[in-house]
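Residue numbers (the working numbering): 8 to 397.
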Amino acid sequence: MSVPESAPPMAAAPGSAPLVLGIESSCDETGFGIVRGTQLLANAVASSMEEHVRFGGVIPEIAARAHLEEFTPTLQQALDTAGVTLAEIDAIAVTSGPGLAGALMVGVAGAKALALATGKPLYGINHLVAHVGVGVLDGVADSGTQPAGVVHSGTAGSVLPEHLGALLVSGGHTEILQVNRLTSDVTLLGSTIDDAAGEAYDKVARLLGAGYPGGPVIDRLAQQGDPKAFRFPRGLSAPKFVGTAEEPGKHRHDWSFSGLKTAVARCVEQFEAAGVPDTEIPTADIAASFQEAVADVITAKAVRACTEHGIRHLMLGGGVAANSRLRSLLAERCEAAGIGLTVPPVRLCTDNGAMVAALGAQLVADGVAPSGLDFAADPGQPVERISLVA
Ligand code: KG4
Ligand code: ZN
8 MSVPESAPPM
18 AAAPGSAPLV
28 LGIESSCDET
38 GFGIVRGTQL
48 LANAVASSME
58 EHVRFGGVIP
68 EIAARAHLEE
78 FTPTLQQALD
88 TAGVTLAEID
98 AIAVTSGPGL
108 AGALMVGVAG
118 AKALALATGK
128 PLYGINHLVA
138 HVGVGVLDGV
148 ADSGTQPAGV
158 VHSGTAGSVL
168 PEHLGALLVS
178 GGHTEILQVN
188 RLTSDVTLLG
198 STIDDAAGEA
208 YDKVARLLGA
218 GYPGGPVIDR
228 LAQQGDPKAF
238 RFPRGLSAPK
248 FVGTAEEPGK
258 HRHDWSFSGL
268 KTAVARCVEQ
278 FEAAGVPDTE
288 IPTADIAASF
298 QEAVADVITA
308 KAVRACTEHG
318 IRHLMLGGGV
328 AANSRLRSLL
338 AERCEAAGIG
348 LTVPPVRLCT
358 DNGAMVAALG
368 AQLVADGVAP
378 SGLDFAADPG
388 QPVERISLVA
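Spelled out as structure tokens, the structure:
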């Protein structure tokens, strides 16, 4: 039996950019994207978020089952939108990790079935790097602000700026990456050591009885509150964790949000213990102060990591990129530090298949060998493993 391992890495017709299908299923979004090189043709996403609402967070088994149900209809929707057939696709890319094991397995198994049935090469790729890959899509990277002196490179048809970093903030991750070359050289500079920022939003929203997902509700509530009403902790900011530029502490560029979440819980409990009725607890002030702590510590640490690692341009990704305070404070601090900033449209910041397809197309264009059919989903896939090797 001939299997796609034997397919050449560069499967596109000479002279035309590769047509790549990207599949995403690492959390609660089932995403299928189709790109031709750097041109986005389709981005179909089905979310199981509604099914997790009553639990106040993503339940892995529910997410995995939803991926199974949405796989075929979402794939069909992407093909219809792009106006292409599966037979015309040159390569398939699927998120192999990091993410929820059961959720990843559905996407990976489905992608293998498609690759086997069509004989197309298959790439198992890194979800975090795919968030950055979205920046190569036409019109995304040029939408950002550019500090003087930033040179744009043209590697593999991409328009990613040089000296690039990426700040990824969602319900599943809070990371800062250094991207020397999208398809071969990405390193992790810092990450959360406990909750992801979006997760903290979801937990705090639950404490305040504000609903799920917590990000948008807290963001809205915070608009009516005083961000200085309470001084909540900025995790891992003490000198013993941060150290100095010369002698960096162990967590210089890392974040922690569990202490912040506990501080908010204690604050609410104090009002309750004092007999303050629920309706009179200053939830808007608490939300605004919590949001300020999150935005402050994320942006301060991200900008410091960029400055110390020669990053001149930062790309923001993940669902929390929709946050009003994070966006404004990051823009302010990046500008002050002479760092360009790109914030893709929210539908490309949240999990989607277009980013997977975009990275897949770059791997094809760079002649990277496909992953074959023998790889497994890797829930803890390190960021350095951009694509899996056969
Ligand atoms: O990227 P995403 O759609 O899914 C993953 O977590 O992978 O991000 C969802 C997260 C949720 O935790 C949600 O509360 C948060 O993004 N979020 C926000 C906002 N909108 C969504 N967090 C803060 N402010 C927002 N406006
Ligand atoms: Zn993500």
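Glycine residues also receive a C-beta, built at the ideal position from the N, C-alpha and C atoms.
- [ ] Give a yes or no on whether the C-beta atoms belonging to A312 and H260 are separated by under 8 angstroms.
- [x] Counting from one through the sequence shown, the residue named residue 312 turns up at place 305. Counting from one through the sequence shown, the residue named residue 260 turns up at place 253. Contact: yes.
Task: Host alpha helix (DSSP H) of A207 (start-end) - done: Within the sequence shown, numbered from 1, the residue matching residue 207 stands at position 200. That run of the alpha helix (DSSP H) goes A204 to L214.
Open item on the list: For the pair the stretch 290-306 and the stretch 225-233, tell me if three or more CB-CB distances fall below 8 angstroms.
Closed with: yes
Task: Helix, strand or coil at V143 according to DSSP, with G and I counted as helix - done: Here residue 143 refers to the residue found at position 136 when the sequence shown is read from its first residue. It is helical.
Task: Between the CA atoms of V60 and A53 - distance to the nearest angstrom - done: For the purposes of this step, residue 53 is taken as residue 46 along the sequence shown, with counting starting at 1. For the purposes of this step, residue 60 is taken as residue 53 along the sequence shown, with counting starting at 1. Roughly 15 angstroms separates the two Cα atoms.
Task: Those residues, in chain order, that have a beta-carbon closer than 7 angstroms to some heavy atom of the ligand ZN - done: S33, C34, H134, H138, L175, S177, G179, H180, G325 and D358
TODO: Output the boundary residues of the beta strand (DSSP E) element that contains D192.
DONE: As a working note, residue 192 is residue 185 in the sequence shown. Its beta strand (DSSP E) spans residues D192 to S198.
Task: Span of the beta strand (DSSP E), counted from its first residue to its last, around P43 - done: Taking the sequence shown and counting its residues from 1, the one referred to as residue 43 is at position 36. The amino acid at residue 43 is misidentified as Pro; the sequence shows Arg. Per DSSP, R43 belongs to the beta strand (DSSP E) from E36 to R43.
Task: Rounded C-alpha distance that separates L267 from A207 - done: Within the sequence shown, residue 267 is the residue found at index 260, counting from 1. Within the sequence shown, residue 207 is the residue found at index 200, counting from 1. Each residue's Cα considered, the two are about 8 angstroms apart.
Open item on the list: Which same chain residues end up closer than 6 angstroms to L82 when comparing Cβ atoms and leaving out the 5 residues on each side of it in sequence?
Closed with: Residue 82 sits at position 75 when you count from the first residue of the sequence shown. Same-chain partners within the cutoff: F39.
Task: For V176, the residue or residues it bridges with in DSSP - done: Start at 1 with the first residue of the sequence shown, and residue 176 comes out as number 169. T181.
Task: Residues near E95 in its chain [Cβ-Cβ closer than 7 angstroms; skip 5 each side] - done: Here residue 95 refers to the residue found at position 88 of the sequence shown. Cβ within range, chain order: L26.
Open item on the list: Three Cβ pairs or more, each shorter than 8 angstroms: is that satisfied between the stretch 348-356 and the stretch 370-384?
Closed with: no
Task: Option in N187, A343 and P246 with minimal Cα separation from H316 - done: Stepping through the sequence shown from its first residue, residue 316 is reached at position 309. Comparing Cα-Cα distances from H316 to each of N187, A343 and P246, the minimum goes to N187.
- [ ] Would you identify the three-state DSSP class for I225, choosing helix, strand or coil?
- [x] Indexing the sequence shown from 1 puts residue 225 at position 218. The answer is helix: DSSP assigns I225 an H, G or I state.
Open item on the list: Tell me the residue span of the beta strand (DSSP E) that contains I132.
Closed with: Translated into positions along the sequence shown, residue 132 becomes position 125. Counting along the chain, the beta strand (DSSP E) containing I132 begins and ends at L129 to N133.
Open item on the list: the ligand KG4 and N330: does the residue's C-beta get closer than 7 angstroms to at least one heavy atom of that ligand?
Closed with: As a position in the sequence shown, residue 330 is number 323, starting the count at 1. Yes, the ligand KG4 has a heavy atom inside 7 angstroms of this Cβ.
Task: Alpha-carbon spacing of P223 relative to D97, whole angstroms - done: Here residue 223 refers to the residue found at position 216 of the sequence shown. Here residue 97 refers to the residue found at position 90 of the sequence shown. Their Cα atoms are separated by approximately 38 angstroms.
Open item on the list: According to DSSP, is S394 part of a helix, a strand, or is it coil?
Closed with: For the purposes of this step, residue 394 is taken as residue 387 along the sequence shown, with counting starting at 1. S394 falls in the strand class under three-state DSSP.
Open item on the list: Helix, strand or coil for S244? Go by DSSP, reduced to three states.
Closed with: For this step, residue 244 is matched to residue 237 along the sequence shown. Here S244 sits in coil by DSSP.
Task: Y461 CB to nearest heavy atom of the ligand KG4 below 7 angstroms - done: Look at the range of the chain in this structure, 8 to 397, and you will see that residue 461 is not part of it.
- [ ] Quick one: residues in its chain with C-beta nearer than 6 angstroms to the C-beta of R43, no 5 flanking neighbours on either side, listed in chain order?
- [x] Reading the sequence shown from its first residue, position 36 is the one you call residue 43. Cβ within range, chain order: A24 and L26.
- [ ] Tell me, please, which residues DSSP counts as bridged to I99.
- [x] The residue given as residue 99 occupies position 92 in the sequence shown. In DSSP, I99 forms a bridge with L28 and L129.
Task: Three-way DSSP call (helix, strand, coil) for P386 in this model - done: Here residue 386 is taken as the residue at index 379 of the sequence shown, counted from 1. P386: coil per DSSP, three-state reduction.
Open item on the list: Using CA atoms only, rank isn't needed, just tell me which of G29, G114, T45 and T88 is closest to D35.
Closed with: Here the question's residue 35 lines up with position 28 in the sequence shown. D35 has its Cα closest to that of G114, out of G29, G114, T45 and T88.
Task: A361 versus E279 - alpha carbon distance - done: Mapped onto the sequence shown, residue 361 falls at position 354. Mapped onto the sequence shown, residue 279 falls at position 272. If you take the alpha carbons of A361 and E279, they lie about 46 angstroms apart.
- [ ] Compare the beta carbon distance of V139 and L196 with 8 angstroms and say whether it is the shorter of the two.
- [x] Reading the sequence shown from its first residue, position 132 is the one you call residue 139. Reading the sequence shown from its first residue, position 189 is the one you call residue 196. Taking 8 angstroms as the Cβ cut-off, V139 and L196 do not qualify as a contacting pair.
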